[in-house]
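Below is one structure, written out as structure tokens, with a few remarks after it.
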Amino acid sequence: MANLYDVSSDSRYAFEGDKMTMRENAMAILRGEQPEYYFDIMSAAVIVPDPHFIACAIPKDGELHVDPWGVTRCFPVGAPGAHPFITDENKVIKDIEDWREQIILPPVEGLDWSAAKAKADSVDRTAKFVCLFSATGLFERSHFLMGMEDAFCSYLEDPDEMYEMLEAVCDWKIRYIHEAAKQIHPDMIFYQDDWGSKQNLFLPPNVWREIIKPLHTKIVEAAHEEGMLFVHHADCICEPIVEDMCEMGIDVWADVIPQNDIVAIKKIVNGRMCLKGGADCPVIDSDSVSEEEVIAEIHRVIDTYCPGGYFYPALSNSTLYNSPRNDALAKAELKRYGRQWAQEHPDFNK
56 MANLYDVSSD
66 SRYAFEGDKM
76 TMRENAMAIL
86 RGEQPEYYFD
96 IMSAAVIVPD
106 PHFIACAIPK
116 DGELHVDPWG
126 VTRCFPVGAP
136 GAHPFITDEN
146 KVIKDIEDWR
156 EQIILPPVEG
166 LDWSAAKAKA
176 DSVDRTAKFV
186 CLFSATGLFE
196 RSHFLMGMED
206 AFCSYLEDPD
216 EMYEMLEAVC
226 DWKIRYIHEA
236 AKQIHPDMIF
246 YQDDWGSKQN
256 LFLPPNVWRE
266 IIKPLHTKIV
276 EAAHEEGMLF
286 VHHADCICEP
296 IVEDMCEMGI
306 DVWADVIPQN
316 DIVAIKKIVN
326 GRMCLKGGAD
336 CPVIDSDSVS
346 EEEVIAEIHR
356 VIDTYCPGGY
366 FYPALSNSTL
376 YNSPRNDALA
386 KAELKRYGRQ
396 WAQEHPDFNK
């Protein structure tokens, strides 16, 4: 079967003759203004390899490695990312009541920022955002340090100790944000913390609100103090706490999956927070899925979620790992149809 869309014919979002740079186009969507095209905001971001990011990277060799937090992790060959490998023997925090003696907080000052500065200096900030990548948010850090079972038990049985332990992590995050601002002046932070699965939140909402929310709010505020947009990756169910996400000041909920009622969420949010994502990636991440089905999914995302603006259509986990063919096709159609849709709907706010 012939290709329905020649992916080589449309390799860029920005075209000659556009009135907006990619950054300006992204900001138009964020502000609820008419863009020249709908697209993934992260295409306008240049992630800078900061020293902590580099220190936490582990080889993609399937072997066990210990990162600067003392966490044992593994990056299986061919896997999309590294994962914690926590046992009773290697967990960093073996007893939540003794966390002060057991936690390892990596250094913040005295790091080598030369590579990060060189990368940041190479970015045209009128066209792109310089982006700080902040992986492993508070919830994820808790189970990296303790293991998932101990973390869940501690959230419910020792909430005060859990709060104080995560407060130390929060303070470290804030110090690092301020140090990054001093060194490379990021325009954006891409922060990762998955608060749920495809079925539900990991924690009961009241527990999340008591422990995670107030600390995460401080992290968002620190980023805003330094002039950064706060883009929060959570490719999971967050619908029950979407009002809280707005209250915390998150600018963009990144990689929202359609297991959330995105249309309803946009009505609740009402422009206070943008959403990015929407594509049901597992449905199209296979070579057995036809090109017509891939394109239909991209059109569903744009036709359903772009009305009213405040939305960046994108693959909800950035890449289709199992089907490079469909990955290229989906991204090309996002570019083509995202521009077509914007041009055909110039008065969506009226």
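Taken in order, the sequence shown gives residues 56 to 405; the numbers are from the numbering used here. For every residue, glycine included, the Cβ atom is placed at its ideal position computed from N, Cα and C. Owing to the predicted nature of the structure, the values given are computational and were not obtained by experimental measurement.
Is residue i helix, strand or coil when you go by DSSP?
i, result
"residue 368", "strand"
"residue 356", "helix"
"residue 393", "helix"
"residue 321", "helix"
"residue 388", "helix"
"residue 330", "strand"
"residue 310", "strand"
"residue 85", "helix"
"residue 400", "coil"
"residue 73", "coil"
"residue 297", "helix"
"residue 292", "coil"
"residue 305", "coil"
"residue 103", "strand"
"residue 349", "helix"
"residue 56", "Residue placement at residue 56 cannot be trusted, given a pLDDT of 29 that sits under 50; what the coordinates show is reported in the next sentence. Three-state DSSP puts residue 56 in coil, outside helix and strand."
Should residue i be labelled buried (16 or more other beta-carbon atoms within 10 Å of its own) or exposed?
i, result
"residue 90", "buried"
"residue 313", "buried"
"residue 338", "exposed"
"residue 203", "exposed"
"residue 180", "exposed"
"residue 64", "Model confidence at residue 64 stands at a pLDDT of 35, short of 50, so the residue's coordinates are unreliable; what they give is reported in the following sentence. It is exposed - the Cβ of residue 64 has fewer than 16 other Cβ atoms within 10 Å."
"residue 255", "exposed"
"residue 94", "buried"
"residue 159", "exposed"
"residue 381", "buried"
"residue 420", "Residue coverage of the chain in this structure runs from 56 to 405, which leaves residue 420 outside it and unanswerable."
"residue 155", "exposed"
"residue 177", "exposed"
"residue 10", "There is simply no residue 10 to check, as the chain begins at 56 and stops at 405 in what is shown."
"residue 123", "exposed"
"residue 211", "exposed"
"residue 378", "buried"
"residue 171", "buried"
"residue 109", "exposed"
I'd like to check one pair, residue j with residue i: are the Cβ atoms closer than 8 Å?
i, j, result
"residue 372", "residue 329", "no"
"residue 245", "residue 186", "yes"
"residue 367", "residue 317", "no"
"residue 301", "residue 324", "yes"
"residue 257", "residue 184", "no"
"residue 106", "residue 199", "no"
"residue 152", "residue 214", "no"
"residue 326", "residue 87", "yes"
"residue 408", "residue 247", "The structure shown does not extend to residue 408, since the chain is modelled only from 56 to 405, so the question has no answer here."
"residue 232", "residue 298", "no"
"residue 376", "residue 342", "no"
"residue 331", "residue 274", "no"
"residue 92", "residue 397", "yes"
"residue 310", "residue 283", "no"
"residue 141", "residue 127", "yes"
"residue 321", "residue 365", "yes"
Relative to the C-alpha of residue i, which candidate in the options has its C-alpha closest?
i, options, result
"residue 68", "186, 231, 164, 369", "369"
"residue 165", "283, 356, 238", "238"
"residue 130", "85, 116, 375, 333", "116"
"residue 135", "119, 347, 374", "374"
"residue 352", "320, 363, 364, 389", "389"
"residue 263", "276, 249, 253", "249"
"residue 104", "305, 284, 235, 355", "235"
"residue 230", "163, 275, 191", "163"
"residue 354", "315, 240, 395, 128", "395"
"residue 161", "207, 226, 172", "226"
"residue 350", "99, 308, 384", "384"
"residue 207", "303, 259, 172", "259"
"residue 288", "363, 74, 96, 79", "96"
"residue 132", "322, 345, 305, 114", "114"
"residue 74", "126, 357, 182", "182"
"residue 219", "270, 240, 295, 391", "270"
"residue 319", "307, 304, 295", "295"
"residue 240", "216, 277, 217, 253", "277"
"residue 222", "121, 348, 272, 306", "272"
Residue ranges of each beta strand (DSSP E) run of no fewer than 3 residues wholly in the segment 199 to 287, ordered along the chain? Listed in chain order, the complete beta strand (DSSP E) runs (minimum 3 residues) inside the segment 199 to 287 are 243 to 247.
Secondary structure, beta strand (DSSP E): runs of 3+ residues fully inside the segment 124 to 195: 127 to 129, 184 to 189
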